[in-house]
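Take a look at the structure set out below.
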Amino acid sequence: AFGAAYFVHCITLGNPRPKPQMHAYFGNSYTDDEIKAALDRAGVTNAVHLDDDALFDRTTDRIAKGDVVGWFQGRMEWGPRALGNRSIVAHPGLPNMKDVLNARIKHREPFRPFAPSMLEDRMDEFFTETWPSPFMMLVYPTKPESREKIQATDHLDHTARLQTVSRDQNPRYYQLIETFGKKTGIPVVLNTSFNENEPVVCTPDEAIACYLRTKMDVLVLGNWFTAKSDA
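Put into structure tokens, the structure is as follows:
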């Protein structure tokens with residue numbers, strides 16, 4: 178019904194089409210001071226506040242070594258997908274990562290798949306199609322030569338439900354993936370929603386609680402970094 182009404186409004190009646198939606202980051206955001214207060218309430222005493230360069234460097238080092246990272250940034254996504262602001266991210270090329278996440282973090286069936294987030298301008302290296310998919314709504318075939326690099330996100334039929342990330346759309350998530358790509362040669366991270374059998378986390382308190390009760394290794398909230406063990 179909506180599509181028919183939209184067609185009549187724009188095509189039959191000649192009204193201008195609205196500009197396309199460029200992102201889905203319309204939810205709440207929190208300052209570093211609010212995040213620090215939440216860390217204090219939860220008794221997290223080993224969090225450090227880092228500048229951007231140190232934050233991205235340390236976080237991608239941990240992802241590259243196989244750690245699972247809770248990534249909490251800016252405004253929450255509005256909609257059904259975690260798109261890099263309330264996400265759990267991990268190395269897509271490790272053969273056991275899907276099983277690790279399903280067993281240790283998500284506590285769900287072992288066959289459940291995960292999705293890749295990748296730099297929009299590097300799509301042609303990994304997928305047979307290069308149409309952007311910023312909202313993780315499209316499924317693309319993977320190229321045979323790329324499958325090992327992203328095996329934790331490659332489905333049994335060699336497709337993946339991809340999120341493409343541009344610098345304009347989400348500069349911090351883009352920088353995270355770009356930095357990881359420079360270190361590993363894989364401009365892709367495994368991305369799943371920041372939750373464990375509950376709605377996706379919205380607030381710093383919810384993110385910290387999820388981090389503490391699961392076997393997540395690292396938590397990044399804004400520019401605050403905390404880990405359960407040393408690198």
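Just add 177 to the spot in the sequence shown (first one is 1) and you have this note's numbering. The C-beta atom is built at its ideal place from N, Cα and C for all residues, glycine as well.
Cα-Cα separation between G191 and W308, rounded to whole angstroms | 28 Å
Residues near D228 by beta carbon distance below 8 Å, same chain, minus five either side | N400
Proximity to M295 [Cα-Cα], best of I282, N273, H284, G261 = G261
Completely contained beta strand (DSSP E) runs for the region 288 to 324, where each covers 3 or more residues | 292 to 296, 315 to 318
Going by other Cβ atoms of all chains shown within 10 Å of its Cβ, with 16 needed for buried, is T237 buried or exposed?
-> buried
Which of helix, strand or coil DSSP assigns to Q340 | Taken through DSSP and simplified to helix, strand or coil, Q340 comes out as strand.
Using 8 Å as the Cβ pair cut-off and three pairs as the minimum, do the region 358 to 366 and the region 202 to 219 touch?
-> no
Where L398 falls: helix, strand or coil (DSSP) = strand
The alpha helix (DSSP H) enclosing L227, as first and last residue numbers = Taken as a continuous stretch (DSSP letters only), L227 belongs to no alpha helix (DSSP H), as it is neither H nor E.
Please confirm whether R218 and V377 have their CB atoms less than 8 Å apart.
-> no
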